[in-house]
Every structure is written in C-alpha cells, then in structure tokens.
C-alpha cells in the first residue's frame, strides 16, 4: 500500500513538472512582457533593468527553475491585462467555482447514483425505461440549452430562483462562501443543476451498464445459490464491483467542472474561474493562461491521485497489478 | 415400495425448455431420478447433455431464456417447484448447497472470504455475530485451509485455485444443508489438485452424512465418489443404476459406449479406446424416437419411431428397447 501510494505521488509530481514546463514555454515564447509592463516612454536603462529583474537574459533552464521556485513561494507572476498578481486573480475566483463544482457533484451523487442503481437492478421496468429516456436528453442537450431552459422556467416563468450571480456571500477571510446564506443557496441551484445534468445522465447510464454486466457474473449467481437476499446481493455484492469506474468518472467530472465550466458560468454570470479564463484568452493574457493551465493540471492530478488512493480500499486487486 | 427409506430428493419428469425467438426447444425432457439420504448420486454425460441444467433447475437458478416448464421436485416431502421465491431462497444454501465449477469466477473478488462466509451463514442460521464468525473460522479449518484466521481476512485473488475451491465448498456447506449439488467441482482445477478436492468432498460427506449430487463428465470421478449413477443423453435419462452394476454390466448401449470411450488401462497395461460414431445432437436437433438411435449399433425401427420409456429393474432403470444382456461386458 505504501509503495502504491508513493509511486502514485511521484507520478503526479512528474506530470505536474511536465505541465509546468509547457506552461513556462508558453510564457517564455509568446507575447512581449516588456511591451506589456513598460510604459511607452521608458528609457533604455529602465528597459535593461526590467530585463535583468525578470531574468530574461538568463538561459532557458535557469529561467524555468526560477519560474518553479517562484511558484513554490506563491509568486505566480503578473497579469498583462490588469497588472494584478495572477495569484490574487485566481484566489478571488476560485471559491465560486469550487462551491459550484461540489454542489453539482452532490446533486450528481444524490440523484444519479440511486437512479442508476434502480435502472441496473430493474432494467426492464417501466420506470427504469422512463429514466433511461430522460437521461438520453441529459446526455444530448448542451449545457447552455439546459441552463437557458432552467432560467426560462424557474426564473422567468415561476420567478422562484435568481438567474445570475452568487447571492449574498460571507467572507471567511480566506474564502468567500455563498453556502452560508439562503440567497447563496438559491443562486447556486440553477447553475449546479445545469452542470450536473450531463453527469447525472452519464452516471445513470454507466451504473446501469455496469450493474447489468456484474449481475450476469458467476459470483452473483453463486451468491444467489447460497440464498443471500436480493438486497444484499445488489447493494453490497454487485455494487462494490462497479465502484471503481464510477468513482473514476466522478473524479474526472469534478475536475472538468472546476476547470471548464466556462459556458455555464457565462450563462449564469457566475463569477468563477471559467469567466476569468475566457477573459484572459480574449486579452491574450499569457501569464494568467499559463498559470491557469498549471492550476487545471494540478486540480486534475490531485483529484486523480485521491481517486487512485481510494482504489485499493475498494478493490485490493489493484495492489497486486501494481507489483 | 421396496425401499424402506423414502428418497431425500425426488425429481420426476423435470422438463426445461429454452425459448429461441418464439420457438420452444426442449433442453431437459422428463428427467426423473431420486437421491437417498446419505447417498452420492453421480450425474454423468457429455457436454450439453443437460447435467448442469438439471442441477440449476432443482434450486430454481436457471439462466433465462432457460425455463422450467414441467415436473415435480420434492425435497424431504416438500415440493420445491411450488415454493415462493422467498421460501426458495431459504432452500438455496440453507437446505441445498451448491458447489460451482470454476473457483476463479465464482467468488466475489472485492469481498473478503470471511465476509462471504458470514453473510451466507447469517442468511440461514440465527446466530449472533461472534458465533457466526466462529463458525466461519471453523469451516475454513474444516475444508483444510491453513491459518483460518489469516484466510478469513483475505480476498479471493490472494488464494490459489485449489484453495479457492475449498472456500467454495465451505460456502456451500456452511449452513448445514441436507443435500449438496456439486457441478463439475474439479473440472477447472489442476489434476494434482483435483484429487485433493475429491478427497475433501468425500471426507466431508462421510463426516456429515450429507447427500450429494455430483455432476461430472468424468467417469473416473464417478467411480471414486458415487454410490449410484444417472447417465444423461441429449436431455434425457439413458440409464440409472448402482455404480458397480452400471460399470460392469451397462444396459444402455450409450452407457457402454461412454465407458469404452474412457481411457482405462487394462490388466496388461494396454489402453483401448472405442469412440462412439457421430456426435450428440444439439439443442432442438434431437431425432424422433430414442435420441441415441442414429449412433446406436442396436437401433431398429421402433427406436426411430417412439421414445423408449424408463424400464425399472430392481435397483436400476434404463430407457432402451433393445438393452444389452445382463452379462459382464
């Protein structure tokens, strides 16, 4: 187990270094930081001073190490667009996106997992088929359509929920949360539901397929031949065999939402990372894009790492495959 | 009845059909046999003869589209074919244990062996947590696993094939069933391990006096283990009789063909093999009359016209119009 954990962590660090290098090349080769940072009437001396300060006269590898060193100390560089530290920009937007991602994950688990289990256990029932029909819509409808539909129904027609913003946020000092106020919860419901539509549909279909397959296996037949109750057979013996792909998918989806919920955030004017990313691309704000790239890599790698560290707790066979 | 003891399991006219795109095909055609208390009944036949279907039909565990469509199954006076699904669950594992063929696939890979045993025990016996655990440990010990305390916490993949089959046997027997159906219990194992597993089954049978239905295609296994044998051919019973009688003086030509097709060295050390010409008809391709008639050297007109009934003679029965003479073959 320790070996397994250590090897996963080392792999994660290596991948993060590679991503950082690519991001660094982006910063080093695209755009002109001097033009962005210096005023138009700067003297040659000022110019040379800034070159020395930014280390632009150093060889590539030195600069990369410097770049990594700075990041480890929390210095992520400056935005070309706003001249603000990139760290501040991301820290400002991060809570909104993370809260949105976790609420939508919660919806996915609460709605998708039971529905998926129901469809897997009763694949031919009327209700099961109905769920599958609905889930087809969830898979095929793009996010912005779902978002606009939800706004049209719940905000415009029924007037129940707000159509934009985060509602009232509470500042905890290090984190601005919307989850401590009623208006915050009301505001997060529609965007979170929009984001979870696809995931709910996906989890339902995946659980159903997995359960139907496991249900055919010899060990389930043997469990029946030993007279175990249907509830125990499905909810313990069969489910445990389907968890690996399910938590893998949930992990990837969580990463996806944190990193790429651009469209949904735009529809609901959600002040999260997605809209920051969009603005940075439009403004060719290379340092922000590069750090964002590293951040996305970090999010995916950390989630993936957690998921992989969960594997052996569910299925001890992964440890054997390792050795 | 000449028999003083009533049979423990009495199967009569058991019929199983398979629905193939609207066409009903008979997989098991009025199969009748019984198992006495404490007895080992061997069920033998080629692949596809219906051996495993017979076993699965008794505990109502047929895989669709296979379906039981007729006959009666009586266990110690109780009609199993009329039980509710819930009552049937109590029979499975509780009164009839089932040993599966392949220990590589029949154990749940993500649940510990101890948990699988405890769940099975608790499904049938009203025992407290500690007693359940103790019983599970005892069974791991009884089936010959070293260090039961260690094995209890292990997962199936940490055990060898032979050890896993011991666990499967423990799982089938842990709730004290009166009958064990073992479906090819040694077929998936190495030859060296096969002998150990058979020995274990025989020891457990002697200790507990549990009745057994041993399904196999291996006449060697039958000779070692069984008291009586039922020979199945194309979903029908060809012959039933005590092992010695059936091996020495088979009445059905198919039985003799099967025995002669088994490699057995003679007194001089020579191996003689006679194969039966042709092949067993597949599902839905059974010829009219006796299913064996196209391959039988004694077949006559009546064999091709009507299905021979099961003739009972003392301790044995056979379904053949022109049986072999009862002289040592």
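Residue numbers (our numbering), protein chains in the order written: chain X, 1 to 323; chain B, 1 to 329.
Each residue gets a CB set at the ideal place from its N, CA and C atoms; glycine is no exception.
Contact check, residue i vs residue j, beta carbons under 7 Å
| i | j | result |
| --- | --- | --- |
| residue 302 (chain B) | residue 318 (chain B) | no |
| residue 220 (chain X) | residue 101 (chain X) | no |
| residue 77 (chain X) | residue 86 (chain X) | yes |
| residue 143 (chain B) | residue 180 (chain B) | no |
| residue 19 (chain X) | residue 297 (chain X) | yes |
| residue 141 (chain B) | residue 52 (chain B) | no |
| residue 289 (chain B) | residue 306 (chain B) | yes |
| residue 41 (chain B) | residue 213 (chain B) | yes |
| residue 156 (chain B) | residue 109 (chain B) | yes |
| residue 17 (chain B) | residue 30 (chain B) | no |
| residue 91 (chain X) | residue 272 (chain X) | no |
| residue 194 (chain X) | residue 145 (chain X) | no |
Simplified DSSP assignment, three categories, for residue i
| i | result |
| --- | --- |
| residue 113 (chain B) | helix |
| residue 240 (chain B) | strand |
| residue 321 (chain B) | coil |
| residue 79 (chain B) | strand |
| residue 223 (chain B) | helix |
| residue 192 (chain B) | helix |
| residue 233 (chain B) | strand |
| residue 182 (chain B) | strand |
| residue 298 (chain X) | helix |
| residue 66 (chain B) | strand |
| residue 176 (chain X) | strand |
| residue 292 (chain B) | coil |
| residue 328 (chain B) | For residue 328 (chain B), the pLDDT reaches just 49, beneath the cut-off of 50, and the residue's location in the model is therefore unreliable, leaving the point undetermined. |
| residue 168 (chain X) | coil |
| residue 8 (chain X) | helix |
| residue 132 (chain B) | helix |
| residue 1 (chain B) | Summary for residue 1 (chain B): the model assigns pLDDT 40, below 50, so the residue's position carries little reliability, and this model does not support an answer. |
| residue 323 (chain X) | Residue placement at residue 323 (chain X) is flagged as unreliable, the pLDDT there being 49, under the threshold of 50; the coordinate-derived value follows with that caveat. Here residue 323 (chain X) sits in coil by DSSP. |
| residue 340 (chain B) | The requested residue 340 (chain B) is not part of the displayed model; chain B covers only 1 to 329. |
| residue 18 (chain X) | helix |
| residue 264 (chain X) | helix |
| residue 272 (chain B) | coil |
| residue 318 (chain X) | helix |
| residue 120 (chain B) | helix |
| residue 316 (chain B) | strand |
| residue 298 (chain B) | coil |
| residue 105 (chain B) | coil |
Where the alpha helix (DSSP H) containing residue i begins and where it ends
| i | result |
| --- | --- |
| residue 245 (chain X) | 239 to 260 |
| residue 153 (chain B) | Premise fails: residue 153 (chain B) is in no alpha helix (DSSP H) and is neither H nor E. |
| residue 208 (chain X) | 182 to 215 |
| residue 52 (chain X) | 44 to 54 |
| residue 32 (chain X) | Taken as a continuous stretch (DSSP letters only), residue 32 (chain X) belongs to no alpha helix (DSSP H), as it is neither H nor E. |
| residue 92 (chain B) | No alpha helix (DSSP H) contains residue 92 (chain B), which DSSP labels as neither H nor E. |
| residue 80 (chain X) | Where residue 80 (chain X) is concerned, there is no enclosing alpha helix (DSSP H), given that its DSSP letter is neither H nor E. |
| residue 157 (chain B) | Premise fails: residue 157 (chain B) is in no alpha helix (DSSP H) and is neither H nor E. |
| residue 218 (chain X) | 218 to 225 |
| residue 254 (chain B) | 253 to 260 |
| residue 281 (chain X) | 273 to 282 |
| residue 305 (chain B) | 301 to 305 |
Residue span of the beta strand (DSSP E) that contains residue i, given as start and end
| i | result |
| --- | --- |
| residue 43 (chain B) | 40 to 44 |
| residue 268 (chain B) | First-last for residue 268 (chain B): undefined, no H or E at that position. |
| residue 214 (chain B) | 211 to 216 |
| residue 98 (chain B) | 96 to 99 |
| residue 312 (chain B) | 311 to 313 |
Minimum Cβ-Cβ distance from residue i to chain D less than 7 Å
| i | result |
| --- | --- |
| residue 228 (chain X) | No chain D is part of this structure, whose protein chains are labelled X and B. |
Legend entry - Meets three-Cβ-pair contact criterion under 8 Å: the region 220 to 238 of chain B and the region 21 to 37 of chain B: yes
Inset, instruction - Evaluate the contact criterion for the region 151 to 158 of chain B versus the region 62 to 70 of chain B: three or more CB pairs, one atom per stretch, below 8 Å. - result: no
Inset, instruction - Ignoring anything shorter than 4 residues or poking outside the region 6 to 58 of chain B, list the alpha helix (DSSP H) runs there in chain order. - result: 51 to 58
Inset, instruction - Could you tell me whether the region 282 to 294 of chain X touches the region 231 to 249 of chain X, using the rule of 3 or more Cβ pairs below 8 Å? - result: no
Legend entry - Given 8 Å, three or more beta-carbon pairs between the region 1 to 15 of chain X and the region 295 to 315 of chain X: yes
Legend entry - Sufficient close CB pairs (3 or more, under 8 Å) joining the region 157 to 169 of chain X to the region 181 to 195 of chain X: yes
Inset, instruction - Determine, using beta-carbon pairs with one atom in the region 229 to 236 of chain X and one in the region 273 to 286 of chain X, whether at least three such pairs fall under 8 Å. - result: Flag = no, the region 229 to 236 of chain X and the region 273 to 286 of chain X do not touch.
Legend entry - Inter-stretch contact at 8 Å, needing at least 3 Cβ pairs: the region 258 to 273 of chain X / the region 4 to 19 of chain B: no
Inset, instruction - Identify every run of the alpha helix (DSSP H) within the region 67 to 155 of chain X, keeping only runs that are complete inside it and at least 4 residues long; order them along the chain. - result: Within the region 67 to 155 of chain X, the complete alpha helix (DSSP H) runs of at least 4 residues are 86 to 107, 113 to 121, 126 to 140 and 143 to 150.
Legend entry - At least 3 beta-carbon pairs within less than 8 Å: the region 116 to 126 of chain B vs the region 72 to 79 of chain B: no
Inset, instruction - State whether the region 210 to 230 of chain X contacts the region 156 to 163 of chain X, with contact taken as three or more CB pairs (one from each stretch) at a distance under 8 Å. - result: no
Legend entry - Inter-stretch contact (C-beta, 8 Å, three-pair minimum) for the region 96 to 110 of chain B and the region 125 to 138 of chain B: Per the Cβ contact rule, the region 96 to 110 of chain B is not in contact with the region 125 to 138 of chain B (fewer than 3 Cβ pairs under 8 Å).
Legend entry - Meets three-Cβ-pair contact criterion under 8 Å: the region 54 to 73 of chain X and the region 196 to 214 of chain X: no
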